[in-house]
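Student:
Dropping the structure here:
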């Protein structure tokens, strides 16, 4: 297995989606601001972060992310034509999974992690979904956190990390890249 | 008047103090981690951010910050021997203000801002205290936000920016400095 990397765009004040997340607005009201850098920048220092397909062997996503994204992902999953195996953490398996899809369902976070390790082989595992990532961080399963800080403050929404009674998580800064649109921060999780 | 600058140390997940803030632990349980960089680093790229006294003409602080800090600040206020005028936003004036102190009391955020402008002359105004800063940001009174991102995640505590029903605040990145201990991010508030 390679590294387990949580890669997420975040507002400066720590939100990974704006308020009122719903099927028609998966990132909340105005939350698409978080992903603009990925669609609207030709800067190679930004583009490099979008080209992770070659090094990623599996992705773990939460059920909420799956439900919000399936209309866009279809059978191919979050990585499109690369069709990387995508493990969905869910207590139940939906009845309408697209035929020939990349999805693997797991009923616990630990089981999802095991299935992702098998699918990834020597490659990295990606993680999507705030709640799923928080559980993986708490279990010590995340090696790196790659945060794309968007110069905006939301004031409310879905929080990057929320853990009322947990231990603090120490990080080591390993990369900082400033571009016009966004600031990329990469950290190693100190376990 | 110069610029109005909100200068704050923050965990990666958006907290400016850890959980359980109280008089004996003004930054909450383990929250002193946020200020370690200021005390333990000889890096000149860190030191420069501590030497703002020459350019700052007044400081605005909230009453909670005042109450938590007065045992340490005494009559001289947050800038020590520089004795920069410090405007405290408070509905009431405490009975035990130290004699010959730098404190000016104001019963509203608008009044505090006016008093700070008068005191600052041509110099900058600094801001301390999450709640006070949030009100000043919402009113459009803050020109720059200088965030020192500490490589740690708290999961709970006092939030950098919390505003359930407000507009998003757009920023422009103007400076990014990576050091071993901390990442300094300076933004201009787009009004």
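Residue numbers (this note's numbering), protein chains in the order written: chain A, 1319 to 1509; chain B, 1319 to 1509.
Virtual Cβ for every residue (Gly too), placed ideally from N, Cα, C.
1. So with Cβ pairs under 9 Å, would you call residue 1330(B) a contact of chain A?
2. So residue 1357(B) is in the alpha helix (DSSP H); what residue range does that whole segment cover?
3. I'd like to check one pair, residue 1476(B) with residue 1335(B): are the Cβ atoms closer than 9 Å?
4. Note the first and the last residue of the continuous alpha helix (DSSP H) segment covering residue 1363(B).
5. Judging by CA-CA distance, which residue of 1365(B), 1349(B), 1363(B) and 1374(B) is the nearest neighbour of residue 1321(B)?
6. Which runs of the beta strand (DSSP E) fall wholly inside the stretch 1446-1502 of chain A and span at least 3 residues, in chain order?
7. Give me the Cα-Cα distance between residue 1495(B) and residue 1506(B), rounded to the nearest whole angstrom.
8. When the Cα atoms are used, what is the spatial distance from residue 1441(B) to residue 1369(B)?
9. Verify whether the separation of the beta carbon atoms of residue 1344(B) and residue 1386(B) is less than 9 Å.
10. Which ranges would you report for the alpha helix (DSSP H) in the stretch 1329-1411 of chain B if only whole runs of at least 4 residues count?
11. Would you please state the rounded distance, in angstroms, between the beta carbons of residue 1323(A) and residue 1464(A)? I believe it to be under 8 Å.
12. Taking residue 1395(A) and residue 1419(A) to be in contact with their CB atoms under 8 Å, please state how far apart those CB atoms are, rounded to whole angstroms.
13. Tell me which residues share the same chain as residue 1328(B) and place their Cβ nearer than 8 Å to its Cβ, disregarding the 5 neighbours each side in the sequence.
14. Since residue 1415(B) and residue 1403(B) are thought to touch, with beta carbons under 8 Å apart, how far apart are those beta carbons, to the nearest angstrom?
15. DSSP has residue 1327(A) in a bridge; who is on the other side?
16. With a threshold of 6 Å on Cβ separation, who are the neighbours of residue 1397(B) within its own chain once the five nearest residues in sequence on each side are excluded?
17. Could you check where the alpha helix (DSSP H) with residue 1427(B) kicks off and where it finishes?
18. Identify whether residue 1415(A) lies in helix, strand or coil by the three-state DSSP scheme.
19. In terms of residues, what are the limits of the beta strand (DSSP E) holding residue 1508(B)?
20. Which residues, in chain order, does the stretch 1482-1499 of chain A contribute to contact with chain B at a C-beta distance below 9 Å?
21. Between the C-alpha atoms of residue 1339(A) and residue 1436(A), what's the straight-line distance to the nearest angstrom?
22. Whose C-alpha, out of 1409(A), 1489(A) and 1359(A), is nearest the C-alpha of residue 1511(B)?
23. Could you compute how far the alpha carbon of residue 1393(B) sits from the alpha carbon of residue 1399(B)?
24. Alpha carbon to alpha carbon, what distance is there between residue 1427(A) and residue 1454(A)?
25. My output table needs one value for residue 1322(A): the three-state DSSP class, helix, strand or coil.
26. With 9 Å as the threshold, decide whether the Cβ of residue 1401(A) is near any Cβ in chain B.
27. Would you report the Cα separation of residue 1409(B) and residue 1382(B), rounded to the nearest angstrom?
28. Contact check, residue 1460(A) vs residue 1446(A) under 8 Å by CB: the rounded distance?
29. Identify the contact partners of residue 1469(A) in chain B, using a Cβ-Cβ distance below 8 Å as the criterion.
30. Along chain A, which residues have their Cβ under 7 Å away from the Cβ of residue 1348(B)?
Tutor: Based on what the coordinates show:
1. Within the second chain, the letter at position 12 stands for residue 1330(B). It does: the Cβ of residue 1330(B) has a partner Cβ on chain A nearer than 9 Å.
2. For the purposes of this step, residue 1357(B) is taken as residue 39 along the second chain, with counting starting at 1. Element bounds for residue 1357(B): 1354-1358.
3. The count along the second chain starts at 1 and reaches residue 1335(B) at position 17. The count along the second chain starts at 1 and reaches residue 1476(B) at position 158. Yes.
4. The residue given as residue 1363(B) occupies position 45 in the second chain. Unbroken alpha helix (DSSP H) run through residue 1363(B): 1362-1365.
5. Here the question's residue 1321(B) lines up with position 3 in the second chain. The shortest C-alpha separation from residue 1321(B) is found at 1374(B).
6. 1462-1468 and 1487-1496
7. Walking along the second chain from the start, residue 1495(B) turns up at place 177. Walking along the second chain from the start, residue 1506(B) turns up at place 188. Taking the straight line joining both Cα atoms gives about 15 Å.
8. On the second chain, residue 1441(B) is found 123 positions in, with the first residue counted as 1. On the second chain, residue 1369(B) is found 51 positions in, with the first residue counted as 1. Their backbone Cα atoms lie some 14 Å apart in a straight line.
9. As a working mapping, residue 1344(B) is identified with position 26 in the second chain. As a working mapping, residue 1386(B) is identified with position 68 in the second chain. Taking 9 Å as the Cβ cut-off, residue 1344(B) and residue 1386(B) qualify as a contacting pair.
10. 1354-1358, 1362-1365 and 1381-1391
11. In the first chain, counting from the first residue as 1, residue 1323(A) sits at position 5. In the first chain, counting from the first residue as 1, residue 1464(A) sits at position 146. Confirmed, about 6 Å.
12. Translated into the one-based positions of the first chain, residue 1395(A) becomes position 77. Translated into the one-based positions of the first chain, residue 1419(A) becomes position 101. Correct: roughly 7 Å between the Cβ atoms.
13. As a working mapping, residue 1328(B) is identified with position 10 in the second chain. 1334, 1352, 1465, 1466, 1467, 1468 and 1478.
14. What you label residue 1415(B) is simply residue 97 of the second chain in a count that begins at 1. What you label residue 1403(B) is simply residue 85 of the second chain in a count that begins at 1. Between residue 1403(B) and residue 1415(B) the Cβ distance is about 14 Å, and since that is not below 8 Å, they are no contact.
15. Taking the first chain and counting its residues from 1, one reaches residue 1327(A) at position 9. DSSP lists 1466(A) as partners of residue 1327(A).
16. The sequence position of residue 1397(B) within the second chain is 79, counting from 1. Closer than 6 Å at Cβ, skipping near neighbours: 1371.
17. Against the second chain, residue 1427(B) aligns to sequence position 109. Unbroken alpha helix (DSSP H) run through residue 1427(B): 1427-1438.
18. Translated into the one-based positions of the first chain, residue 1415(A) becomes position 97. Correct three-state label for residue 1415(A): coil.
19. Here residue 1508(B) refers to the residue found at position 190 of the second chain. No beta strand (DSSP E) holds residue 1508(B); DSSP gives it neither H nor E.
20. 1482, 1483, 1484, 1485, 1486, 1487, 1488, 1489, 1490, 1491, 1493, 1494, 1495, 1496, 1497, 1498 and 1499
21. Translated into the one-based positions of the first chain, residue 1339(A) becomes position 21. Translated into the one-based positions of the first chain, residue 1436(A) becomes position 118. Using only the alpha carbons, I get a separation of about 32 Å.
22. Nothing about residue 1511(B) can be read from this structure; chain B reaches only from 1319 to 1509.
23. Here residue 1393(B) corresponds to residue number 75 of the second chain, with the count starting at 1. Here residue 1399(B) corresponds to residue number 81 of the second chain, with the count starting at 1. Those two C-alpha atoms are separated by around 10 Å.
24. Walking along the first chain from the start, residue 1454(A) turns up at place 136. Walking along the first chain from the start, residue 1427(A) turns up at place 109. Between residue 1454(A) and residue 1427(A), the C-alpha separation is close to 7 Å.
25. Here residue 1322(A) corresponds to residue number 4 of the first chain, with the count starting at 1. In the structure shown, residue 1322(A) sits in a strand (DSSP, three-state: E or B).
26. Residue mapping note: residue 1401(A) aligns to position 83 of the first chain, counting from 1. No - not a single Cβ of chain B is within 9 Å of the one on residue 1401(A).
27. Along the second chain, one-based indexing puts residue 1409(B) at 91. Along the second chain, one-based indexing puts residue 1382(B) at 64. Roughly 12 Å separates the two Cα atoms.
28. Your numbering for residue 1460(A) matches position 142 in the first chain. Your numbering for residue 1446(A) matches position 128 in the first chain. Between residue 1446(A) and residue 1460(A) the Cβ distance is about 12 Å, and since that is not below 8 Å, they are no contact.
29. Within the first chain, numbered from 1, the residue matching residue 1469(A) stands at position 151. What residue 1469(A) touches in chain B: 1488, 1489, 1490, 1491 and 1505.
30. Within the second chain, residue 1348(B) is the residue found at index 30, counting from 1. Going along chain A in sequence order, the residues near residue 1348(B) (Cβ under 7 Å) are 1486.
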